[in-house]
Amino acid sequence: MSQYKKPKNEQEFEANFKQKKPLMNDTEAYYASSKCLFCYDAPCMDACPTGIDIPLFIKQIHTKNTEGAAKTIYDSNWLGNACGTICPTGVLCEGACVYNHQNVLPVEIGRLQNYATKSVIESGKQLYKPGDDNGKKIAVIGAGPAGIACACELRTLGYQVDIFEAKDKPSGLTVYGIAPYKITNEEVLDEVKYLQDQLGYNVKYNSPITSKEQLKKLEDNYDAIFLGVGLGKTAYRNIPGEDKEGVVGAVEFIEELRMKHAETKVGDNVIVLGAGNTAMDAASESARMGAKTVTLAYRGPKERMGAYSFEYDLAVSAGVKSQFNASPKEILGNGKVEGVLFTDENGKEFTIECDMVIKATGQEKQGNLLGMIDSLQLDKNNIIQVNSKTNQTTNPKYFAGGDAINGGAEVVNGAYDGKLAARGIHQYLNQ
Amino acid sequence: MTDISINFAGIKSPNPFWLASAPPTNSGYQIMKAFDAGWGGAVWKTLGMPTINVSSRYGSVNYRNIRMAGFNNIELISDRPLEDNLREIEEVKKYYPNHAVIASLMVDSREEWEAIIKEVQDAGADGIELNFGCPHGMCERGMGSAVGQEPEVLKTIVGWVMDAAKIPVITKLSPNISHITDPGLASVQGGTDAISLINTIKSIVGIDLDTYAPYPVVDGKGTNGGYCGPAVKPIAMHMLKELAQHPEIKSTPISGIGGIETWRDVVEFILLGATSVQVCTAVMHYGFGIVREMEAGLRQFMTDKGYQTIYDFAGKALPNVTEWRHLNLKYDVKAHINKEKCVGCDLCYIACDDGAHQAIKINDNDRNRIPEIIEENCVGCNLCSLVCPVEDCITMVRKDDGSQHVTWDELTLADKIPNTFNDDRAGGKGHFVPTPDDALKAKRKDRSGQNQFDF
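Here it is as structure tokens:
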């Protein structure tokens, strides 16, 4: 393996993390858009969590009404550009494209979407303006996809919106948690800036909400509060040796990679524990960072992997090996990780040597903060319970969306949740 | 062995594929390249009096990702010196004695016609084509389509030409006229040896949305052009058939022109009575090399059908092109959807429901979205089978047993045509139509996105 050399600078990093869905040029967009059949009640629309009128925007691209296409997209999804690039389109819109039924390659919906939205982001074309001030104020906790979408929608309805973000950048996992070959930081931040420039919501960065007092203040000062708090750190799994040097959480690893690029430290021999999409990302990324061997270790068989098959294939194509039916028993090493002891399906023990372990074994829930909110109902996994028509929680002043209500899904789900919650808030405050 | 050579009104050619008089036949260089590529003949770009051309000459109609589905031009006849063209005609004939070189001509007075006919004959041209079709520029000076639209004038000029010409004469007709048989008949009465059609159709292919000028734009202005390319083929074929069925014209050889690009186009024109075909737009788009596909396809067709020469099947479709009143009113086809092939685009459903006869339903619970034909409503119009993007998915299946044959003509002769819409034989009674307020009941599928926001 080791198809990738360790990147020493930004240029080499970019080469190893080449964009999987590069921006279309005008000619590509022309031919790609010509392919859409304009299906009646198109299945791609049904497959899109935000219900974008896909045949319409594709026809608009083809007739050179690119701004109109972007408007069609943003009308349904405030993170249209990010979603065009990072959505698992093969299992959503493009997976539903009718061409698949005759083994014809589907219309490249994601890249076409990106083409349209990117053009307005680059030109700065104003597609929206805030609604007339209705005198009401909404607090949004978390500037992730759900929070941004909620804020944008609320601004069009005339609400004043303040977003409280714990970190120093907007868009949550879109910028901190997506594999760098799916989208660049600039692209994510450009879209959020484009939206903020038009709609003018406020964001207070480095402002985590962690105490009952802070919540009380928000409750006193705002008419409603949206919880877009996502999930927490990588969960602790109680494997002996988890605290050794060289053992990291996947979420933390990916965040470091997104921020530090070539300067991120990656071992020579990496074991990734887990088989979800985040595990695949972490494995692919380790390989692209020049690790000599990367092993995906999963306690179950291949068929039970949580990851999309295309994500697994991508990891394999980057040179990642896999070890199925491998349950981690102990992380070995004298202070520093040296290997992982596994048992196979028959209970037989074996060891794989390594100098780095990435745990992609799920994220913690934001239980602490959520526990401080009065009468907020959570399920046993600390997932916030909401009314699916309005995203209102059991505390009527609070609405919620994104990973905090679904336990960890796609950016596009967060974008939909935020918009729906904004509509829910609007309905609630105008009853 | 199939023989695709032709003798068209005395003009011999190794095959029926000719280049039409147009930019591809502007010079001896191009025509020799074309003969080398496999073309059997070429009609030289029209010779006449000195002209000046504008810059920006062509415009096109693109359909989806297909460039030049339609094409127009505002270029005039040859602007190269007559003596250069004549010298090159001579040269081409020297290198290619067995290929057909036809001189297209357009001049004004009888003296001019006589003079130029002599010159091209002396240069060795195998035939003459009279350009009575050009619908832009030259017609403003009383030539081209200005002649093609005045049958009496056309007849007079053809008469002058026939008096002067010692080689075969083809009269090229303009389609910019109500009845193509009027100039067709006039040309025959004037004594023409053959006819070619169609020349281009007067057109505006588009308007620039910033300058508000028609394409092709010449310094902020434009003019009507002559329209050609694949989009005009149906019009050309209809006009060809009009002449090929006309009792006084049908014995005159016809060279078919209009949107020909593939062997199928060639065969269709021949089946409608053409015994030579002329091509321009396809060559302007793809170069001379496309003739390979035409020739291979034509030969394959002839082999498959057992034809030795193109005359074995020329005009073979003409008896089947009839008038509406002779069509069998008892013939009954219904659409059939192949569920295995259906991809669930539901274009047939919406085309039928919005654009035709409300004879297809979709089942909201069917995850595969496969539509269903409502046979009792289906009038057999074909629309669904035409919009279906899948090969051979929707077919039209014959339902009558073929034992009955009734035409409007027969009903008329027997004095049996329906007098009211309530007659059992009338369409209004026989066919299902929903009531207007059914439109209000049509169920809009509740979408997971937008509709939920309409609180």
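First to last, the protein sequences are chains A and B.
The numbering used here puts the first residue of the first sequence at 38, with every later residue one more than the last.
The numbering used here puts the first residue of the second sequence at 80, with every later residue one more than the last.
Note that CB positions come from ideal geometry on N, CA and C, so glycine has one too.
In chain order, what are the residue ranges of uninterrupted beta strand (DSSP E) at least 3 long that sit wholly in the stretch 165–195 of chain A?
As summarised for the stretch 165–195 of chain A, the continuous beta strand (DSSP E) elements at least 3 residues long and confined to that stretch are 174–178, given in chain order.
Just to confirm, is the Cβ distance from Ala-441 of chain A to Gly-267 of chain A under 8 angstroms?
Sequence index remark: in the first sequence, residue 441 of chain A carries index 404 (1-based). Sequence index remark: in the first sequence, residue 267 of chain A carries index 230 (1-based). In this structure, Ala-441 of chain A places its C-beta atom within 8 angstroms of the C-beta atom of Gly-267 of chain A.
By DSSP, does Cys-307 of chain B sit in helix, in strand, or in coil?
Locating residue 307 of chain B in the second sequence gives position 228, where the first residue counts as 1. In this structure, Cys-307 of chain B counts as strand in the three-state DSSP scheme.
Own chain residues within Cβ distance below 7 angstroms of Met-217 of chain B, not counting five before or after
Here residue 217 of chain B corresponds to residue number 138 of the second sequence, with the count starting at 1. Around Met-217 of chain B: Leu-155, Ile-156, Met-185, Gly-223.
If you follow the alpha helix (DSSP H) that Asp-242 of chain B is in, where does it begin and where does it stop?
By one-based count along the second sequence, residue 242 of chain B stands at place 163. Asp-242 of chain B: member of the alpha helix (DSSP H) spanning 230–243, first to last residue.
Proximity test, Cβ basis, 8 angstroms: Glu-322 of chain B and chain A
Here the question's residue 322 of chain B lines up with position 243 in the second sequence. A quick correction: the sequence has Leu, not Glu, at residue 322 of chain B. No, its Cβ sits nowhere closer than 8 angstroms to a Cβ of chain A.
Compare the C-alpha of Ile-262 of chain A against each of A:Pro-338, A:Leu-407, A:Pro-217 and name the closest.
Start at 1 with the first residue of the first sequence, and residue 262 of chain A comes out as number 225. Looking at the Cα atoms, A:Leu-407 is the closest of the given residues.
Give the straight-line distance between the Cα atoms of Arg-460 of chain A and Asn-114 of chain A, rounded to the nearest whole angstrom.
Locating residue 460 of chain A in the first sequence gives position 423, counting from the first residue. Locating residue 114 of chain A in the first sequence gives position 77, counting from the first residue. One alpha carbon belongs to Arg-460 of chain A, the other to Asn-114 of chain A, and they sit about 13 angstroms apart.
Establish whether the CB of Asn-152 of chain B and some CB of chain A are separated by less than 8 angstroms.
The residue given as residue 152 of chain B occupies position 73 in the second sequence. Chain A places no beta carbon closer than 8 angstroms to that of Asn-152 of chain B, leaving this residue out of the contacts.
Applying a beta-carbon distance threshold of less than 7 angstroms, which residues of chain A neighbour Val-469 of chain B?
Start at 1 with the first residue of the second sequence, and residue 469 of chain B comes out as number 390. Within chain A, the residues near Val-469 of chain B are Gln-139.
Ala-344 of chain A by DSSP, collapsed to three states: which one?
The count along the first sequence starts at 1 and reaches residue 344 of chain A at position 307. Under the three-state reduction of DSSP output, Ala-344 of chain A falls in the coil class, being neither helix nor strand.
Would you kindly work out how many angstroms separate the C-alpha atoms of Val-357 of chain A and Ser-321 of chain A, rounded to a whole number?
Locating residue 357 of chain A in the first sequence gives position 320, where the first residue counts as 1. Locating residue 321 of chain A in the first sequence gives position 284, where the first residue counts as 1. In a straight line, the C-alpha of Val-357 of chain A is about 7 angstroms away from that of Ser-321 of chain A.
Taking only beta-carbon atoms, is Val-448 of chain A less than 8 angstroms away from chain B?
Numbered from its first residue, the first sequence carries residue 448 of chain A at position 411. Interface residue (Cβ-Cβ distance to chain B less than 8 angstroms): Val-448 of chain A is not classified as such.
Give me the residue from A:Asp-90, A:Thr-109, A:Leu-116 with the minimum Cα distance to Gly-472 of chain A.
Past the edges of chain A, shown from 38 to 468, lies residue 472 of chain A, and the structure says nothing about it.
Per-residue burial, Glu-231 of chain B [other beta carbons within 10 Å of its own, 16 or more giving buried]:
Residue numbering aside, residue 231 of chain B sits at position 152 when the second sequence is read from its first letter. The residue in question, Glu-231 of chain B, is exposed, as its Cβ has fewer than 16 Cβ neighbours within 10 Å.
Minimum Cβ-Cβ distance from Cys-76 of chain A to chain B less than 8 angstroms:
By 1-based counting over the first sequence, the position of residue 76 of chain A is 39. At least one beta carbon of chain B lies nearer than 8 angstroms to the beta carbon of Cys-76 of chain A.
In this structure, what does DSSP give as the bridge partners for Asn-447 of chain B?
Mapped onto the second sequence, residue 447 of chain B falls at position 368. BP columns for Asn-447 of chain B are empty, so no partner.
At 4 residues or longer, what runs of the alpha helix (DSSP H) sit wholly inside the stretch 52–134 of chain A?
Qualifying alpha helix (DSSP H) stretches, in chain order: 63–71, 80–84, 91–99, 103–113, 117–123, 130–133.
Span separating the alpha-carbon of Arg-192 of chain A from that of Tyr-231 of chain A:
Position 155 of the first sequence holds residue 192 of chain A. Position 194 of the first sequence holds residue 231 of chain A. Near 14 angstroms, if we compare the C-alpha coordinates of Tyr-231 of chain A and Arg-192 of chain A.
Assigned secondary structure, Pro-515 of chain B (DSSP; H/G/I helix, E/B strand, else coil)
Reading the second sequence from its first residue, position 436 is the one you call residue 515 of chain B. DSSP places Pro-515 of chain B in coil when its eight states are reduced to three.
Establish whether the CB of Arg-146 of chain B and some CB of chain A are separated by less than 8 angstroms.
Residue numbering aside, residue 146 of chain B sits at position 67 when the second sequence is read from its first letter. Taking Cβ atoms only, chain A never reaches closer than 8 angstroms to Arg-146 of chain B, which makes this a no.
If the cut-off is 7 angstroms on Cβ atoms, which residues from the stretch 110–135 of chain A count as contacting chain B, listed in chain order?
Those residues of the stretch 110–135 of chain A that come within reach of chain B (Cβ to Cβ, closer than 7 angstroms) are Ser-113, Val-135.
At which residues does the alpha helix (DSSP H) containing Asn-337 of chain B begin and terminate?
As a first step, residue 337 of chain B must be located in the second sequence, where it is residue number 258. Residue identity check: residue 337 of chain B is Gly in the sequence provided, not Asn. Counted as a single uninterrupted DSSP element, the stretch harbouring Gly-337 of chain B is not any alpha helix (DSSP H), since DSSP gives it neither H nor E.
At which residues does the beta strand (DSSP E) containing Asn-152 of chain B begin and terminate?
In the second sequence, residue 152 of chain B corresponds to position 73, counting from 1. Secondary structure note for Asn-152 of chain B: its beta strand (DSSP E) is the uninterrupted segment 145–152.
When the Cα atoms are used, what is the spatial distance from Arg-143 of chain B to Ala-324 of chain A?
Here the question's residue 143 of chain B lines up with position 64 in the second sequence. Here the question's residue 324 of chain A lines up with position 287 in the first sequence. Per the coordinates, the alpha-carbon of Arg-143 of chain B lies some 42 angstroms from the alpha-carbon of Ala-324 of chain A.
Who are the near neighbours of Ala-176 of chain A in its chain, counting only those whose CB is closer than 6 angstroms to its CB and skipping five residues on each side?
Residue numbering aside, residue 176 of chain A sits at position 139 when the first sequence is read from its first letter. Excluding sequence neighbours, Ala-176 of chain A sits near Asp-199, Leu-255, Tyr-259, Ile-262.
Assign Leu-232 of chain A to one of three DSSP states: helix, strand, or coil.
The residue given as residue 232 of chain A occupies position 195 in the first sequence. Leu-232 of chain A: helix per DSSP, three-state reduction.
Report the neighbours of Ser-71 of chain A on chain B: residues whose CB is nearer than 7 angstroms to its CB, in chain order.
In the first sequence, the residue the question calls residue 71 of chain A occupies position 34. Neighbours of Ser-71 of chain A in chain B, taken as residues at a C-beta separation under 7 angstroms, are given in chain order as Arg-143, Asn-144.
Taking only beta-carbon positions, decide if Ile-421 of chain A is within less than 8 angstroms of chain B.
The count along the first sequence starts at 1 and reaches residue 421 of chain A at position 384. Judged by the 8 angstroms Cβ criterion, Ile-421 of chain A is not in contact with chain B.
Looking only at its chain, what residues have a beta carbon closer than 6 angstroms to the beta carbon of Thr-315 of chain A, apart from the 5 residues adjacent to it on each side?
As a first step, residue 315 of chain A must be located in the first sequence, where it is residue number 278. Closer than 6 angstroms at Cβ, skipping near neighbours: Ala-287, Ala-397.
Assess, as a yes-or-no matter, whether the stretch 445–460 of chain B is touched by the stretch 397–404 of chain B under the definition of 3 or more beta carbon pairs within less than 8 angstroms.
Segments in contact, no.
Examine chain A for any beta-carbon lying closer than 8 angstroms to the beta-carbon of Gly-424 of chain B, and answer yes or no.
Residue numbering aside, residue 424 of chain B sits at position 345 when the second sequence is read from its first letter. Reading off the sequence shown, one finds Cys at residue 424 of chain B, where the question assumed Gly. Yes, its Cβ sits closer than 8 angstroms to a Cβ of chain A.
Quick one: is Ile-429 of chain B near chain A, going by C-beta distance under 8 angstroms?
For this step, residue 429 of chain B is matched to residue 350 along the second sequence. Closer than 8 angstroms to some Cβ of chain A, the Cβ of Ile-429 of chain B qualifies, so yes.
Three-state class that DSSP yields for Asn-86 of chain B in the structure shown:
As a working note, residue 86 of chain B is residue 7 in the second sequence. Asn-86 of chain B: strand per DSSP, three-state reduction.
Neighbourhood of Lys-45 of chain A by C-beta, 7 angstroms cutoff - its chain only, sequence neighbours within 5 removed
Stepping through the first sequence from its first residue, residue 45 of chain A is reached at position 8. Closer than 7 angstroms at Cβ, skipping near neighbours: Ala-299.
Determine the DSSP secondary structure at Glu-507 of chain A, reduced to helix, strand or coil.
What is shown of chain A runs 38 to 468, which leaves residue 507 of chain A out entirely.
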